[in-house]
Amino acid sequence: EVDLEERLRELDLRSDSDVPDVPPPTDSTPEILKKALSGLSARWKNWWIRGILTLAMISGFFLIIYLGSFMLMLLVLSIQVKCYHEIITIGYRVYHSYDLPWFRSLSWYFLLCVNYFFYGETVADYFATFVQRREQLQFLIRYHRFISFALYLTGFCMFVLSLVKKHYRLQFYMFAWTHVTLLITVTQSHLVIQNLFEGMIWFLVPISSVICNDIAAYIFGFFFGRTPLIKLSPKKTWEGFIGGFFSTVVFGFIFSYFLAQHQYFVCPVEYNSETNRFVTECEPSELFQMKKYSVPPLLQPVLGWETVNMYPFQMHSFALSTFASLIGPFGGFFASGFKRAFKIKDFADTIPGHGGIMDRFDCQYLMATFVHVYITSFIRGPNPSKLLKQLLILQPEQQLSVYKTLKSHLVEKGILQPSLRG
Amino acid sequence: QESESENRLDGETASDSESRSEFGGSSAVPTSDDTPEVLNRALSNLSSRWKNWWVRGILTLAMITFFFIIIYLGPMVLMTIVMCVQIKCFHEIITIGYNVYHSYDLPWFRTLSWYFLLCVNYFFYGETVTDYFFTLVQREEPLRILSKYHRFISFALYLTGFCMFVLSLVKKHYRLQFYMFGWTHVTLLIVVTQSHLIIHNLFEGMIWFIVPISCVICNDIMAYMFGFFFGRTPLIKLSPKKTWEGFIGGFFSTVLFGWLLSYVMSGYRCFTCPVEFNNDTNSFTVDCEPSELFQLQEYNIPLVLQSVVDWKTVRMYPFQIHSIALSTFASLIGPFGGFFASGFKRAFKIKDFANTIPGHGGIMDRFDCQYLMATFVNVYIASFIRGPNPSKLIQQFLTLRPDQQLHIFNTLKAHLVDRGILGSLEDA
């Protein structure tokens, strides 16, 4: 009987109630807030703390946007590292894995390898001219696949050599945990950065839509909420869900209208090698030029107009907001299920009243991937700078034959005037 | 008790089923002896050790013969085989997860696992393989849409599966369900990505598919032989049967074997040419001008070896130099894939991944060393052998906007003029 118990415990088949609770996070609300709100009841106090922190985060967000693309990239990178850290720490606590040899170092090492791989694949294309000038960087970028694979293999072999007889299972669990976390956090953060380079509007509108949906659903639920939405998150209600959906669509529509007017948001981010800075200057693409749309006859009596001036991008914003309101919450439900499965209240206690960084960003992950897939499928074709980079590393004869093919194609389409000498 | 059970894991053969009872209900895969009757009768007189040796030997020969037949049948059959192996490996690993977690009753889970496998395969096929079938895909309207919007469609399909997973979470089984979700994804990451890299390598030229796989198989067999005859010093605690003598002997034999095999194969176009899909005949063709990798060249032997070998120069294919890199990887790093799988089996207290192949275990047992190899070959090719595929680049170019096309054209032109490949006044 004892043997069976032992074996079941080894296989981690204890019932959920046996799992020790992770100790509740300490209250990290700053002293000043506590004093200011000491008079109110606990419910209103919580509401105020959440409200103030929300405003603080949104202001921080606007500040970073003002500071430019480079700061945004750094911010995304820091968030990625912090989310990774939070999830790995939970894994440690759940499995009491502090004493596993090498494991912390290996987790951070793998994070580094995967980041290097992704940066080599994508970001280096944008910095092509910068990289061309420096010999060492050129080497790192040209062979980055091989180097990152070799680094990853080293980590893999270290893992195999570090397997300790008593802890095989735990070590495999943590290895898998690390890899799934990498898959989630690192790939998404790179997709976010790629969206950013497409144009800051592709970064701002999705994130704002998700935040708006969060807040609007909370407010609608607060005032009108009656019907529970899903067992996983008892605080969510259908009224909040639907109210949030409509508010987010309207918000996205209006917000895109304002952003589409400024070149700063609309143009692809480019790296200017002369000034060594990012510039966003271009001829706005047709997505961001006002067009007249006829209002469908159904809506004409309602609105009283026959045509309306809109940016085509606002149509796309419908798709983005719809996704943010309908599918984005599933990311939140997934995170809620995860927290219940491992009996934690929040991912961490970094932000008072809100929990950890992951708690704020759980809905954003699906959004980032969706925006990226949307852009590559419907908005633009392959990335021109990446194509150029690949052309430049072909063999000379191949380049010549490609050149000839391209030229005949362009002349055929009338894009290029046939040369007089030709 | 732990060490005792480990000894049993190592020493026993598939036909000894008495030791199974020790593990009771928590053992993952109960192995039954499914050696065919014919073999059983033929070998009934030998002792169990030799019997095991013969069973393994015969099955090894059978698998290698099968491998040759498949190669003979051509790329299409090879691709199909790779797909089948991928599905079988996925099935084996998922079944282990089920057995370990007694998860048969989790709602939806089997369906969801297979569904995710389908989505990820569709995504990868859309990313890579359709480039090779470009003209075929362009002709058929439904295929064209499936290919052009494949990212969006596969993402939508994946999301559907994701939402189904979230909706299927049951209060009592949260933890189990998340475990199985994680298990499925890690399995997909390992199995599906590698099988697609193998197909990539195959399209590069069948030699890039055959030589790595043969080197891994050769290393397996040679290390076993050397260990059998000369083995004394244990190599690693994880796999007590491996020895340093086997490891080193296997390394040298594999390098030699790879060298000879590449020499033989580089002479034939059907192995060295990239596989192309011929739109007119609707079949695969391997016909081309062999690249300089596969043309005999004179190499000077370093002075050190001249006295030994007694030649001043030697004629080799450049590919043989690359084969040294491939064989070295197969012998030195490939075994780590095997150690990883051994650790995995010990962690979850299973002897083999399955019992598909008598004497050898499951498909995964045979392929555990191949996975790292496939990724390495792909990275090696992409980094050192070839750049991007020119025809693919042209296709991508054609989908750009006119102003982008013009910009790229002008930059390319400036680059070519810069390098002197194109005269500045000449417009070819």
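Going line by line, the protein sequences match chains A and B. In terms of our numbering, the first sequence opens at residue 1 and continues consecutively. In terms of our numbering, the second sequence opens at residue 1001 and continues consecutively. In this text, a Cβ means the ideal position worked out from N, Cα and C, and glycines have one as well. Bear in mind that the values here come from a model prediction, so they are computed numbers and not experimental data.
For arginine 1346 of chain B, the first and last residue of its enclosing alpha helix (DSSP H) = 1334-1347
Which residues in the same chain have their Cβ closer than 7 angstroms to the Cβ of proline 1410 of chain B, if we skip the five residues on either side of it in sequence?
-> Correcting the residue identity first, residue 1410 of chain B is asparagine in this sequence and not proline. So no residue of the chain qualifies.
Is the stretch 195-210 of chain A close to the stretch 371-382 of chain A, with three or more CB pairs under 8 angstroms?
-> yes
Those residues which DSSP pairs with threonine 1111 of chain B across a bridge = None; threonine 1111 of chain B has no bridge partner.
By DSSP, does tyrosine 1317 of chain B sit in helix, in strand, or in coil?
-> coil
Classify glutamate 198 of chain A as buried or exposed, calling it buried when 16 or more other Cβ atoms lie within 10 Å of its own Cβ.
-> buried
Taking buried to mean at least 16 other C-beta atoms within 10 Å of its own C-beta, is leucine 1326 of chain B buried or exposed?
-> buried
At which residues does the alpha helix (DSSP H) containing glutamine 1404 of chain B begin and terminate?
-> 1402-1418
Of the residues that make up the stretch 321-347 of chain A, which ones have a beta carbon closer than 8 angstroms to any beta carbon in chain B?
-> Ile327, Phe330, Phe333, Phe334, Gly337, Phe338, Arg340, Ala341, Phe342
Candidates A/Phe251, A/Val76, A/Leu196, A/His167, of which the one nearest threonine 322 of chain A by Cα | A/Phe251
Please confirm if the stretch 1155-1163 of chain B is in contact with the stretch 1223-1241 of chain B, defined as three or more CB-CB distances below 8 angstroms between the two stretches.
-> no
Taking the alpha helix (DSSP H) that tyrosine 1263 of chain B falls in, what are its first and last residues?
-> 1244-1265
Indicate whether at least one CB of chain A lies closer than 8 angstroms to the CB of glycine 1057 of chain B.
-> no
Option nearest alanine 1283 of chain B by Cα separation, candidates B/Trp1050, B/Arg1056, B/Lys1351, B/Val1077 | Residue identity differs from the one stated: residue 1283 of chain B is serine in this sequence, not alanine. Ranking B/Trp1050, B/Arg1056, B/Lys1351, B/Val1077 by Cα distance to serine 1283 of chain B puts B/Val1077 first.
So what does DSSP say about leucine 1296 of chain B, is it helix, strand or coil?
-> coil
Selected residue, minimal CA-CA separation from tyrosine 1149 of chain B, among B/Tyr1122, B/Leu1167, B/His1196 | B/Tyr1122
If the cut is a Cβ gap below 7 angstroms, which residues of chain B does valine 114 of chain A touch?
-> By Cβ distance, chain B contributes nothing, its closest Cβ being about 12 angstroms from valine 114 of chain A, past 7 angstroms.
Taking the C-alpha atoms as reference points, what is the distance between arginine 1110 of chain B and valine 1255 of chain B?
-> 43 angstroms
Give the C-beta separation of tyrosine 152 of chain A and cysteine 113 of chain A to the nearest angstrom, bearing in mind that I take them to be a contact with Cβ-Cβ under 8 angstroms.
-> 5 angstroms
Simplified DSSP assignment, three categories, for threonine 54 of chain A = helix
Could you list which residues in chain A have their beta carbon closer than 8 angstroms to that of cysteine 1163 of chain B, in chain order?
-> Ile327, Phe330
Any C-beta of chain A under 8 angstroms from that of threonine 1375 of chain B = yes
Under 8 angstroms, do tyrosine 271 of chain A and leucine 1412 of chain B count as touching if we go by C-beta distance?
-> no
Contact set between the stretch 142-154 of chain A and chain B, restricted to residues whose Cβ is under 7 angstroms from the partner = Tyr143, Arg145, Phe146, Phe149, Leu153
Minimum Cβ-Cβ distance from phenylalanine 1367 of chain B to chain A less than 8 angstroms | no
Pair every Cβ in the stretch 155-168 of chain A with every Cβ in the stretch 77-93 of chain A, then say whether three or more of these pairs are closer than 8 angstroms.
-> no
Taking C-beta pairs closer than 7 angstroms, name the residues in chain B that arginine 226 of chain A reaches, listed in chain order.
-> Within 7 angstroms Cβ-Cβ: nothing; arginine 226 of chain A doesn't reach chain B, min ~21 angstroms.
How close, in whole Å, do the beta carbons of phenylalanine 253 of chain A and serine 317 of chain A come, if the pair is a contact with beta carbons under 8 angstroms?
-> 6 angstroms
Within the 8 angstroms Cβ cut-off, does valine 1379 of chain B reach chain A?
-> yes
Chain B partners of valine 160 of chain A, CB-CB under 7 angstroms?
-> Phe1336, Phe1339, Phe1340, Gly1343
Through-space distance from leucine 1143 of chain B to tyrosine 1299 of chain B, alpha-carbon basis = 49 angstroms
Residues bridged to methionine 310 of chain A by DSSP?
-> A/Lys291
Return the chain-ordered list of same chain residues with a C-beta closer than 8 angstroms to the C-beta of glycine 1024 of chain B, the five sequence neighbours on each side being excluded.
-> Note that glycine 1024 of chain B has pLDDT 33, beneath the 50 cutoff, so the model's placement of it is unreliable and no number is given.
Could you tell me whether any Cβ in chain A is nearer than 8 angstroms to the Cβ of valine 1120 of chain B?
-> no
Looking at C-beta atoms only, is the number of pairs between the stretch 213-222 of chain A and the stretch 230-243 of chain A that lie closer than 8 angstroms three or more?
-> yes
Between the Cα of serine 959 of chain B and those of B/Trp1114, B/Gly1267, B/Leu1332, spot the shortest distance and give me the residue it belongs to.
-> Examination of residue 959 of chain B is not possible in this model, given that chain B is present from 1001 through 1428 alone.
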